[in-house]
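Trainee: I am attaching a structure below and will ask some questions about it afterwards.
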Amino acid sequence: MTHLLGVIPGAAPLLLVAGADLADAARSIQSPPPVPVGEGIAVVVAEPGTPPPPGARWAPARTALPDLPPSAQPIALRALAVANWRSRARFCPACGGPVEPTAHGYNCLREDRPVFPRTDPCVITAILDSGGRLLLCHAANHPDRLYTLVAGFVEAGESLEDAVRREALEEVGVEVSRLQFIRSQPWPFPGSLMASFSALASAEAITVDGREILDAAWFTRAELTHALNSGAVALPLDYSVARQTIESWRTGRGWRGWRGWRGEVPRP
Ligand SMILES: [Zn+2]
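Per my numbering, the sequence shown starts with residue 732, numbered consecutively.
Laid out in structure tokens, this is it:
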């Protein structure tokens, strides 16, 4: 099922979550829909195929999110995360009993115990070499020319730091150290929480598996800028933590990762 956001240009923006079974998503925020949940913001739950209100438009959530005012984005992210979870988890994972929203979250009605919406942590790493170059990779399931940071899901019982080290080794064959947490970002497509790091590669040699990762390469800032300008390389969605991390490294603006090479971040 596709979850959609609607924006009314120039007026009170509306968040529209598609899907008859997604009323709980809106209810978890404020109930019942349509309900104002902030200044100029309301939540509406609509059946798939519902015509948009006058002056509104339907747009895919992934691309509509940046169009929402900053105050509405956390609400949209939460609604999407809960809606996606509810569409995939209708019953209690322990006993199979019905799960219903309460004033404070969700409860298994049979056991009368809370059931928390599932969130899948994911690490994403700006791997740098000692010369300050950035490692970008092209995955088999990505569009042509799209290069991004090494990323992967955290396994059960694993720390974020261990996941960073494991993914770097698995995806590009690189041992990393000097891990530094940069920031996190909810990514409810369908239910991830991204945690971005920077890390230092122990060596420049790259080994990709040829199945999940098809290519990986080191870029200087000038090389990446040239590759972007020529169209040889494309980057992820501009509001993704991957894109923002890459751009802050490339431009030097707001870079919060590792600064060990040659002192400071050079200007592009
Ligand atoms: Zn239960």
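Yeah, the Cβ is synthetic: ideal placement off N, Cα and C, and Gly gets one too.
In this text, all values refer to a predicted model and were calculated from it rather than measured experimentally.
Run the proximity test for arginine 841: is its beta-carbon closer than 7 Å to any non-hydrogen atom belonging to ligand 1?
Mentor: Yes, ligand 1 has a heavy atom inside 7 Å of this Cβ.
Trainee: Checking 8 Å against the spacing of the C-beta atoms, do glutamine 911 and glycine 988 come in under that value?
Mentor: Closer than 8 Å, so yes.
Trainee: Can you tell me the Cβ-Cβ gap for leucine 811 and proline 919, rounded? I've got them flagged as a contact below 8 Å.
Mentor: Right, the Cβ-Cβ distance comes to about 4 Å (below 8 Å), so this counts as a contact.
Trainee: Going along the chain, which residues of its own chain have a beta-carbon closer than 8 Å to the beta-carbon of proline 824, five neighbours each way excluded?
Mentor: These residues qualify, in order along the chain: Val846.
Trainee: Between the alpha carbons of glutamate 889 and threonine 879, how many angstroms are there, rounded?
Mentor: Using only the alpha carbons, I get a separation of about 23 Å.
Trainee: Thinking arginine 821 and valine 813 are a contact (beta carbons under 8 Å), I'd like their distance in whole angstroms, please.
Mentor: Not confirmed; about 13 Å, so no contact.
Trainee: Whole angstroms are fine: how far does the CA of alanine 882 sit from the CA of proline 871?
Mentor: According to the sequence shown, residue 871 is alanine rather than proline. Approximately 13 Å, taken between the alpha carbons.
Trainee: For arginine 981, which option in Thr850, Leu959, Ser971, Ala963 has the closest C-alpha, if you only look at C-alpha atoms?
Mentor: Ranking Thr850, Leu959, Ser971, Ala963 by Cα distance to arginine 981 puts Leu959 first.
Trainee: With DSSP collapsed to three states, give me the class of valine 813.
Mentor: Helix at valine 813.
Trainee: Suppose the cutoff is 6 Å on Cβ atoms and the five residues either side in sequence are ignored; what does the same chain contact list for leucine 877 look like?
Mentor: Contacts found: Ala965.
Trainee: Answer yes or no: the CB of glycine 828 versus the heavy atoms of ligand 1, is any distance below 7 Å?
Mentor: Under cutoff, so the answer is yes.
Trainee: Have a look at tryptophan 816 and isoleucine 913 and give me their C-alpha separation to the nearest angstrom.
Mentor: Their backbone Cα atoms lie some 27 Å apart in a straight line.
Trainee: By how many angstroms is the C-alpha of glutamate 902 removed from the C-alpha of proline 917?
Mentor: So the alpha carbons of these two residues sit roughly 23 Å apart.
Trainee: Once the 5 residues before and after aspartate 860 are set aside, which same chain residues still bring their CB inside 7 Å of it?
Mentor: Within the same chain, aspartate 860 has close Cβ partners Ala932, Glu935, Trp949.
Trainee: If we count the other Cβ atoms within 10 Å of its Cβ and call it buried at 16 or more, is glutamate 943 buried or exposed?
Mentor: Flag for glutamate 943 reads exposed.
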